[in-house]
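Numbering (my numbering), first residue to last: 4 to 328.
Each residue gets a CB set at the ideal place from its N, CA and C atoms; glycine is no exception.
In structure tokens:
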């Protein structure tokens, strides 16, 4: 059975929404998700403790008679409150799903929960949290969706679960997933507005962590005079067991073995004009009949925004993927 790869022209934004820079900017524009909604009224904080003792924070919104549960994973330096998380969560809560927006370690308001620092290679704790969430849910099927780095995590989780599957997990979606983290970091550094955005957010996050644990961490040398690769090099050499930034970044890439072992149905959505993630990286991965790859001409990074500026094309794809369940 040959893997399905769809060059999707069904997403056709108006001309003023077609530039990748516009799509990428609007994906995180807080104004799009400022209004409170039923998902917020139902929201409760949940702390998930893994078998290793790591504590992760989730924002859980439940409703009577739900169709199932959707777990959402944010991108690097995003959170459960990121615009794309709120927009997607609101759409699916209104469509009848329960929502759990999971904060990874040191993201959102969770820096105080663990002494250790966030590393994208710490997959075990997120897998363990997802297992706990799925096992505890008794109201229907479960779906998992991630954005950017969260999409990378979603794919790695799907690969990890091949050996010990979760019957209730029916479909996984990765939107603009990071396939080659080293290449993505170089691309960010080459586009100053994107570099400025991520560097500012990372510096703020490190400052919060150092303030909570001043005897453990000092990040004075990680500042806004450096690009992300330089910051990563210094961070990794001081606070991890990896010898250098490239070894660390390569350690959480989506390698062919991960893609090949996935057994749960997966949909990957990316844009040909993504300024951070080359669509060619996704196309180089091996065929797998369980994975559908959708590549749109436009959409930027995490964008795919429709003319109303509220809805997105990937939400339509997700609804179609979840409908059979």
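inquiry  = Between residue 55 and residue 127, how many whole angstroms is the CB-CB distance? I'm expecting something under 8 Å.
reply    = So it is a contact: roughly 7 Å between Cβ atoms.
request  = Note down the Cα distance separating residue 325 from residue 58, rounded to an integer number of angstroms.
outcome  = 29 Å
task = Ignore the nearest five residues each way along the sequence and tell me which others in residue 144's own chain have a CB closer than 7 Å to its CB.
result = The residues are 71, 171, 173, 328.
inquiry  = One question on the structure: do residue 175 and residue 157 come within less than 8 Å of each other, judged by their Cβ atoms?
reply    = yes
query = Do residue 11 and residue 299 come within 8 Å of each other at the CB atom, strictly closer than that value?
reply = yes
Reference residue 68; option with closest CA among 26, 141, 83, 19 = Here the closest residue by C-alpha is 141.
key: Other residues of its chain near residue 24: CB distance less than 8 Å, five sequence neighbours each side excluded   = 196, 278, 303
inquiry  = Please list the terminal residues of the continuous alpha helix (DSSP H) segment that includes residue 133.
reply    = In the DSSP annotation of this structure, the continuous segment of the alpha helix (DSSP H) that includes residue 133 starts and ends at 126-139.
ask   = Closest to residue 249 by CA distance: which of 233, 264, 261 is it?
value = 233
query = Thinking C-beta only, is residue 257 closer than 8 Å to residue 231?
reply = no
key: Euclidean distance between Cα positions of residue 309 and residue 86   = 15 Å
query = DSSP three-state call for residue 93: helix, strand or coil?
reply = helix
query = What distance in whole Å lies between the Cβ atoms of residue 285 and residue 267, which are believed to be in contact at a cut-off of 8 Å?
reply = At roughly 18 Å, the Cβ-Cβ gap does not stay under 8 Å, so residue 267 and residue 285 are not in contact.
3 or more residues per run - each beta strand (DSSP E) lying fully within the segment 13-74 = If we require 3 residues or more, the beta strand (DSSP E) runs fully inside the segment 13-74 come out as 46-52, 58-64.
ask   = Which of the three DSSP states, helix, strand or coil, is assigned to residue 194?
value = coil
inquiry  = Applying the 10 Å Cβ sphere with the 16-neighbour rule, what's the burial state of residue 199?
reply    = The residue in question, residue 199, is exposed, as its Cβ has fewer than 16 Cβ neighbours within 10 Å.
request  = Decide if residue 168 is buried, meaning its Cβ has at least 16 other Cβ atoms within 10 Å, or exposed.
outcome  = exposed
task = Using a threshold of 8 Å, state whether the C-beta atoms of residue 3 and residue 77 are closer than that.
result = The chain is shown from 4 up to 328; residue 3 falls before or after that span and cannot be answered.
query = So, are the CB atoms of residue 297 and residue 320 less than 8 Å apart?
reply = yes
query = Is residue 310 helix, strand or coil by DSSP?
reply = coil
task = Express the C-alpha separation of residue 218 and residue 161 in angstroms, rounding to a whole number.
result = 38 Å
key: For residue 284, the three-state DSSP class (helix, strand or coil)   = Under the three-state reduction of DSSP output, residue 284 falls in the helix class.
query = Given that a residue counts as buried once 16 or more other Cβ atoms are within 10 Å of its Cβ, and exposed if not, what is residue 240?
reply = exposed
query = Could you give the residue range of the beta strand (DSSP E) that holds residue 297?
reply = 294-299
7 Å CB neighbourhood of residue 20 in its chain, flanking five on each side removed = 26, 308, 310
task = Output the residue ranges of the beta strand (DSSP E) runs that lie fully inside the segment 139-225 and measure 3 residues or longer, sorted by chain position.
result = Correct list: 145-150, 172-178.
query = Run through DSSP, which three-state label would residue 83 get?
reply = coil
Those runs of the alpha helix (DSSP H) which lie wholly inside the segment 221-276 and span at least 4 residues = 231-242, 248-254, 259-264
task = Can you give me the start and stop residues for the beta strand (DSSP E) that residue 104 sits inside?
result = 101-105
query = So what does DSSP say about residue 122, is it helix, strand or coil?
reply = coil
Per-residue burial, residue 118 [other beta carbons within 10 Å of its own, 16 or more giving buried] = exposed
ask   = residue 292: which of 210, 88, 265 sits nearest, CA to CA?
value = 265
inquiry  = Please report the distance separating the alpha-carbon of residue 18 from that of residue 29.
reply    = 15 Å
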